[in-house]
Amino acid sequence: MTMTLFLQAALVVAGLSVAGFCNVLARRLRKLNDLETGLGGAIAVMAAEISRLETALAVAQAGATHASDGLAREIEKAKSERAYWALQQQFMPQAAQSRRLRRRRTTEAADA
149 MTMTLFLQAA LVVAGLSVAG FCNVLARRLR KLNDLETGLG GAIAVMAAEI
199 SRLETALAVA QAGATHASDG LAREIEKAKS ERAYWALQQQ FMPQAAQSRR
249 LRRRRTTEAA DA
């Protein structure tokens with residue numbers, strides 16, 4: 149009988165020890181989840197920053213896409229103008245070309 153009484157007392161002590169340990173863990177968990185000072189607050193701030201950065205990234209990506217499209221259009225325009233001037237230089241008679249240069253020089257001199 150003393151052995152069963154000893155085992156029962158040991159179980160009661162072990163149960164109280166586990167209850168105390170659970171109580172300590174619960175307090176620590178509450179502190180950890182506190183939205184102002186604990187890990188919960190840090191996670192909330194990081195989630196807000198991630199959202200802000202995703203928005204900024206989307207805006208920057210849209211701006212870069214727009215600028216890239218504009219640059220591609222300008223490049224195509226420059227290529228076509230270059231091809232036009234190359235054809236004009238190839239088929240323009242030398243005399244007309246020299247007249248044109250003289251006209252350009254006199255216009256530039258008048259503007260200056």
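With the sequence shown counted from 1, adding 148 to any position gets you my numbering.
Don't be surprised by glycine CBs; every beta carbon is placed ideally from N, CA and C.
Annotation for THR203: the continuous alpha helix (DSSP H) segment containing it runs 187-239.
Taken through DSSP and simplified to helix, strand or coil, ASN181 comes out as coil.
LEU180 places its beta carbon 9 Å or farther from that of GLY168.
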